[in-house]
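Sequential numbering from 412 applies to the sequence shown in our numbering.
All remarks here apply to the structure that follows.
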Amino acid sequence: MSGDRVYPDEPAGPFEAPPLSFEDREGRGIEIRPYPADADGESGEDEFEALIEMYTAFDPEDRAQGIPPSRESDVRSWLETILGDGGYNVVAWDGETVAGHATLVPDGDAYELAIFVLQAYQGAGIGTHLMEALLGHGAVNGVDRVWLTVERWNRAAVGLYKKVGFETSDAESFELEMTAQLADPA
C-alpha cells in the first residue's frame, strides 16, 4: 500500500521535461515526446499503432513481472489501461519507430513507474534519457512521489534507477521496491 512506503528525504532531479532530442551511443537521433502528443490529450492512431508494434516485437526474455503482455490483443488492452486518465507517458522515437516507452500510473498518493526499451535499442543510453524525461514530465504535472519494483537480479535496471535517484525501500522478496521523491521542476 502506497501509504506504507518510505520515500527518500533527498529529492531526485530536477529533470528536463520533454520534448527533447539526443543522439544515442549508436549515433541514432532519438526524440522523446509526451504521449499523447498534443495539448488536447489526443494522440493519433499512428502513434498508438507504433506502440503496439514495439510491444509485439518485445523479446520474451525482456518481459518482467508479466509485462508487457505477449499477445497483441492483451497488449492493446494493457496499453489502453496505462495510457488512460491520470497517468503520464513518454515515448522515445527513432524516426517513426518506437524505441522505448515509460509510464507513471497513479497509485493512491504516488505513481508507479514502468519503463520498456526495445531490445535493439538497449545499452545505448535511451533508458536513462527516457526515465529522466518521464520524471521531468511527471514533476511539471505535479507528481512528487514515484515507486517501482524490479527483479533484484536485473542489475542494469537497478543501476539505472539508482543513477536517477531511486533508493531501495523494500528488499524482502525476489523483487526490490524502490522509491523516489521528485525535486520541483527545473
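Note that the Cβ used here is the ideal one computed from N, Cα and C, for glycine as well.
How big is the Cα-Cα spacing for Asp555 and Pro425? 11 Å
Short Cβ contact (8 Å threshold) for Gly498 with Leu524: no
With a threshold of 7 Å on Cβ separation, who are the neighbours of Phe585 within its own chain once the five nearest residues in sequence on each side are excluded? Glu562, Arg563
Reduced DSSP category for Pro517 - H, G, I as helix; E, B as strand; rest coil: strand
Measuring alpha carbon to alpha carbon, tell me which of Arg566, Gly553, Trp558, Glu543 ends up nearest Tyr575. The sequence as given places Val at residue 575; Tyr does not occur at that position. The candidate whose alpha carbon is nearest that of Val575 is Glu543.
Have a look at Asp505 and Asp420 and give me their C-alpha separation to the nearest angstrom. 36 Å
Between the alpha carbons of Arg482 and Thr467, how many angstroms are there, rounded? 7 Å
Based on Cα-Cα distance, which residue from Ala550, Asp473, Phe433, Ile493 lies nearest to Gln533? Asp473
Report the rounded CA-to-CA distance for Leu541 versus Pro445, giving the unit in angstroms. 10 Å
Relative to the C-alpha of Thr560, which candidate in Leu546, His548, Phe577 has its C-alpha closest? Phe577
Would you mind stating whether Leu494 and Gly538 have Cβ atoms separated by less than 8 Å? no
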